[in-house]
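Participant: Questions regarding the structure given below will be posed in turn.
Here you go:
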């Protein structure tokens with residue numbers, strides 16, 4: 080081992096020990112590990128100016144998106160910075176498994192003892208509810224000359240990072256729960272496309288929807304059967320992509336399989352002509368982040384759907400920063416990202432008595448997706464209210480105000496409530512759609528017909544809608560929708576305004592609110608807004 084040299088804490092890397100878990104053993108010093116180091120982008124000020132001028136305002140939405148090559152060359156990691164990380168790693172005997180300037184990352188391999196020496200981390204093996212995992216506490220440390228190079232280091236901690244935001248109908252009510260206020264029929268995704276007036280005559284052809292999954296899996300037989308039942312033949316093209324060893328592993332119909340098949344089936348029913356790439360990764364901060372950056376940098380992917388998340392308070396600052404930079408990349412590349420806003424109301428399931436919003440839906444470069452309860456008659460919407468069935472155990476839409484991200488320009492005049500911190504202010508969600516499991520989505524999970532709700536369903540619903548919109552834009556020689564919020568907020572009448580209900584601390588009202596955002600979609604009007612904006 081080299082002689083120890085001065086190290087300093089990496090800002091934003093501090094982590095507490097896992098809650099409700101007990102340390103059971105030291106980490107084997109000989110254990111092989113893979114760690115991902117994320118670097119700062121070069122020309123950061125120029126990049127911020129580019130975003131503002133080209134994608135940050137509706138009036139500039141016809142601006143040119145960057146190509147993947149342009150993004151990498153102008154705003155990727157600099158070669159001297161990449162080499163500085165690699166030289167540091169080699170000093171401790173660590174190997175470079177992969178380097179990717181576009182993703183601004185270097186993946187390192189080595190033994191636990193080598194990583195401990197290099198980054199001065201404290202790791203232990205923990206156990207909770209029969210699950211055993213490696214986790215760290217305290218800070219990650221780096222040499223002073225890397226402080227201006229590295230923004231995050233991931234892979235020391237394998238505690239579960241996120242939860243899927245789906246609810247199976249009838250599975251949530253505890254003993255003694257209050258009766259439901261609303262009961263109603265469930266819907267095929269194609270029914271919702273009709274109710275929400277999605278564009279007709281297009282299928283999403285030419286688009287690829289990237290779906291992020293942190294567990295579970297799907298079976299091709301399920302997909303073939305499901306889409307055939309909807310009259311969709313051939314079934315949409317679905318390809319699984321392994322990230323950090325994650326795999327398509329079906330077998331738990333009440334667990335993550337419900338999330339995976341919900342996402343694929345909803346997106347595919349709405350946009351059967353779009354290809355899908357499902358990025359499977361471990362449920363860790365490293366796995367989640369690596370999956371997102373891989374999807375963003377995949378040249379095929381044009382839209383990304385994320386149905387996993389956790390309250391902002393459950394993330395390290397280095398993770399929030401690294402994710403947000405990836406979502407900025409997506410905006411610059413003209414890719415649209417949707418994320419579920421959570422299923423546990425204004426607390427996001429936290430027990431500290433405070434309000435929380437879910438990340439990544441709270442990123443200002445992600446379209447956060449809230450949930451409604453939908454009632455219909457004769458093929459028409461008769462009532463749509465905020466989804467809130469916490470009293471009956473059936474969940475409620477997330478929503479509120481970020482404690483991390485400031486108020487973005489597109490929300491300046493919509494009446495976002497006061498921020499809980501000086502740094503915060505971003506309102507969540509941006510948009511909404513049916514999410515109540517009682518009025519949920521008919522899907523097929525591990526061969527079983529299942530009704531599923533949750534804001535998890537809303538993200539792929541919007542992903543499918545924007546595949547239809549992008550196809551239409553492309554056919555008319557116009558750029559993809561890309562970063563959608565500036566146009567959406569400038570065209571609020573393109574949404575059904577939800578004015579009744581609450582998610583705990585926040586109530587619906589005219590215009591944007593912290594329960595359902597702008598409201599549920601009127602698809603043809605949203606398309607018209609993007610067609611108009613692309614020619615203005």
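Numbering (my numbering), first residue to last: 80 to 615. Where a beta carbon is used, it is the ideal one built from N, C-alpha and C, also for glycine.
1) So residue 536 is in the alpha helix (DSSP H); what residue range does that whole segment cover?
2) What is the DSSP secondary structure of residue 88, counted as helix, strand or coil?
3) Which residues in the same chain have their Cβ closer than 6 Å to the Cβ of residue 187, if we skip the five residues on either side of it in sequence?
4) Out of curiosity, what's the CA-to-CA distance linking residue 554 and residue 267?
5) Compare the beta carbon distance of residue 21 and residue 416 with 8 Å and say whether it is the shorter of the two.
6) By DSSP's criteria, residue 390 is part of a beta bridge. Which residues make up the other side?
7) Looking at residue 108 and residue 214, is the spacing between their C-beta atoms short of 8 Å?
8) Just mark residue 307 as buried or exposed, buried being the case when its beta carbon has 16 or more other beta carbons within 10 Å.
9) With respect to the alpha helix (DSSP H) encompassing residue 132, which residues constitute its N-terminal and C-terminal limits?
10) Rounded to whole angstroms, what's the CA-CA distance from residue 369 to residue 342? Just pull it up for me.
11) Indicate whether residue 503 and residue 487 have their beta-carbon atoms separated by less than 8 Å.
12) Which residues mark the beginning and the end of the alpha helix (DSSP H) in which residue 349 is found?
13) Please determine, among 478, 577, 103, the residue with the shortest C-alpha to C-alpha distance to residue 418.
14) Apart from the five residues just before and just after residue 253, which ones in its own chain have a Cβ nearer than 8 Å to its Cβ?
15) In whole angstroms, what separates the C-alpha of residue 505 from that of residue 135?
16) In the DSSP assignment, what residue or residues form a beta bridge with residue 291?
17) Helix or strand or just coil, what does DSSP make of residue 604?
18) Determine whether the beta carbon atoms of residue 346 and residue 288 lie at a separation below 8 Å.
19) Work out the CA separation of residue 240 and residue 388 for me, nearest whole Å.
20) Taking 6 Å as the limit between beta carbons, can you name the residues of its chain near residue 199, skipping five residues before and five after?
21) Would residue 364 and residue 236 qualify as a contact pair, given that the criterion is a beta-carbon distance under 8 Å?
22) In or out: residue 103 buried (at least 16 other Cβ within 10 Å) or exposed?
23) Beta-carbon within less than 6 Å of residue 311's beta-carbon, same chain only, minus the 5 sequence neighbours each way: which residues are those?
24) Do we get a CB-CB distance below 8 Å when we pair residue 490 with the residues of chain C?
25) What is the DSSP secondary structure of residue 612, reduced to helix, strand or coil?
26) Going by beta carbon distance, what residues of the same chain come within less than 8 Å of residue 577, once the five residues before and after it are set aside?
27) Put residue 273 into one of helix, strand or coil per three-state DSSP.
28) Along the chain, where does the alpha helix (DSSP H) that runs through residue 401 open and close?
29) Here's the rule: buried if 16 or more other CB atoms are within 10 angstroms of the residue's CB, otherwise exposed. What is residue 166?
30) Helix, strand or coil, according to DSSP, for residue 302 in the structure here?
31) Do you know how far the Cα of residue 507 is from the Cα of residue 611?
32) What distance in whole Å lies between the Cβ atoms of residue 543 and residue 514, which are believed to be in contact at a cut-off of 8 Å?
33) Under a three-way DSSP split, which group does residue 585 fall into?
Facilitator: Once the coordinates are examined:
1) On the chain shown, position 457 is the one that residue 536 refers to. Unbroken alpha helix (DSSP H) run through residue 536: 534 to 554.
2) Residue numbering aside, residue 88 sits at position 9 when the chain shown is read from its first letter. Correct three-state label for residue 88: strand.
3) Walking along the chain shown from the start, residue 187 turns up at place 108. Hits under 6 Å: 114, 168, 173.
4) One-based indexing of the chain shown puts residue 554 at position 475. One-based indexing of the chain shown puts residue 267 at position 188. Roughly 28 Å between the two C-alpha positions.
5) The first residue shown for the chain is 80 and the last is 615, placing residue 21 beyond what the model contains.
6) As a first step, residue 390 is located in the chain shown; it is residue number 311 there, counting from the start. Note: residue 390 sits in a beta bridge opposite 437.
7) The count along the chain shown starts at 1 and reaches residue 214 at position 135. The count along the chain shown starts at 1 and reaches residue 108 at position 29. No.
8) Along the chain shown, read from residue 1 onward, the residue named residue 307 stands at position 228. Its Cβ having fewer than 16 others within 10 Å, residue 307 is exposed.
9) On the chain shown, position 53 is the one that residue 132 refers to. Residues 123 to 133.
10) Along the chain shown, read from residue 1 onward, the residue named residue 369 stands at position 290. Along the chain shown, read from residue 1 onward, the residue named residue 342 stands at position 263. Rounded to whole angstroms, residue 369 to residue 342 spans 20 Å at the Cα level.
11) As a first step, residue 503 is located in the chain shown; it is residue number 424 there, counting from the start. As a first step, residue 487 is located in the chain shown; it is residue number 408 there, counting from the start. Cβ atoms of residue 503 and residue 487: not closer than 8 Å.
12) Sequence index remark: in the chain shown, residue 349 carries index 270 (1-based). Start and end: 335 to 349.
13) For the purposes of this step, residue 418 is identified with residue 339 of the chain shown, where counting begins at 1. The candidate whose alpha carbon is nearest that of residue 418 is 478.
14) To locate residue 253, count along the chain shown from 1; it is residue 174. Note that residue 253 scores 46 on pLDDT, short of 50, meaning its location in the model is unreliable; the coordinates nonetheless yield the value given after this. The residues are 472.
15) Mapped onto the chain shown, residue 505 falls at position 426. Mapped onto the chain shown, residue 135 falls at position 56. So the two alpha carbons sit approximately 15 Å from each other.
16) Sequence index remark: in the chain shown, residue 291 carries index 212 (1-based). Note: residue 291 sits in a beta bridge opposite 358, 385.
17) Locating residue 604 in the chain shown gives position 525, counting from the first residue. The answer is helix: DSSP assigns residue 604 an H, G or I state.
18) Within the chain shown, residue 346 is the residue found at index 267, counting from 1. Within the chain shown, residue 288 is the residue found at index 209, counting from 1. Yes; because the gap between Cβ atoms is below 8 Å, this pair is in contact.
19) Working through the chain shown from its first residue, we reach residue 388 at position 309. Working through the chain shown from its first residue, we reach residue 240 at position 161. Each residue's alpha carbon lies about 8 Å from the other.
20) Position 120 of the chain shown, counted from the first residue, corresponds to residue 199. For residue 199, where only same-chain residues beyond five positions count, the Cβ hits under 6 Å are 86, 220.
21) Mapped onto the chain shown, residue 364 falls at position 285. Mapped onto the chain shown, residue 236 falls at position 157. Closer than 8 Å, so yes.
22) For the purposes of this step, residue 103 is taken as the residue at position 24 of the chain shown. So residue 103 counts as exposed.
23) In the chain shown, counting from the first residue as 1, residue 311 sits at position 232. Within the same chain, residue 311 has close Cβ partners 351.
24) Absent from the structure is chain C; it holds one protein chain and no more.
25) Counting from one through the chain shown, the residue named residue 612 turns up at place 533. Residue state, collapsed to three classes: helix.
26) Working through the chain shown from its first residue, we reach residue 577 at position 498. Excluding positions up to five away in sequence, the list reads 451, 463, 464, 465, 511, 587, 592, 594, 595, 598, 599.
27) Here residue 273 refers to the residue found at position 194 when the chain shown is read from its first residue. If DSSP states are grouped into helix, strand and coil, residue 273 belongs with the helices.
28) Your numbering for residue 401 matches position 322 in the chain shown. Counting along the chain, the alpha helix (DSSP H) containing residue 401 begins and ends at 396 to 412.
29) Along the chain shown, read from residue 1 onward, the residue named residue 166 stands at position 87. By the 10 Å Cβ count, residue 166 comes out exposed.
30) Here residue 302 refers to the residue found at position 223 when the chain shown is read from its first residue. The answer is helix: DSSP assigns residue 302 an H, G or I state.
31) Start at 1 with the first residue of the chain shown, and residue 611 comes out as number 532. Start at 1 with the first residue of the chain shown, and residue 507 comes out as number 428. The straight-line gap from Cα to Cα measures roughly 26 Å.
32) Mapped onto the chain shown, residue 514 falls at position 435. Mapped onto the chain shown, residue 543 falls at position 464. Actually they do not touch by this definition, with Cβ atoms about 15 Å apart.
33) If you number the chain shown from 1, residue 585 lands on position 506. Coil.
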